[in-house]
Amino acid sequence: MTAEPADGTRPRSRYLPPTVEDVRRRLRVFAGTDFGVQSPRRLSRFGDATTRLAERYRAGRVLLAGDSAQVVARIAWIGGVHGL
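If you count by UniProt numbering, then the sequence shown holds residues 1 to 84, one letter each, in order.
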């Protein structure tokens, strides 16, 4: 779920994995039901991937530029969604 719900609820932290209750709550807001979610195998957040920035873009002779300076979403591949 990458959109913010209209009721203004926000995750505990975008850096912490969501809890099962976080997922249930968001599903109820978006879909009107939590679909009986009980014990998912893995939970993670990935909708904020493009807003994180490097602390420094230059360190000595190393320069981050282009795709090196951004985070690639886990559901994507380099060049696949960023243009070829």
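Just so it is clear, CB atoms sit at the ideal spot from N, CA and C, and this is done for glycine as well.
This structure is a prediction, so every number in the text was calculated from the model and none was measured.
In the DSSP assignment, residue 63 is bridged to 58. Per DSSP, reduced to three states, the secondary structure at residue 22 is helical. Residue 40 is classed as exposed because its beta carbon has fewer than 16 other beta carbons within 10 Å across all chains shown.
21 is the residue among 64, 42, 21 and 55 whose C-alpha sits nearest the C-alpha of residue 33. DSSP places residue 41 in the coil class of the three-state scheme, outside both helix and strand.
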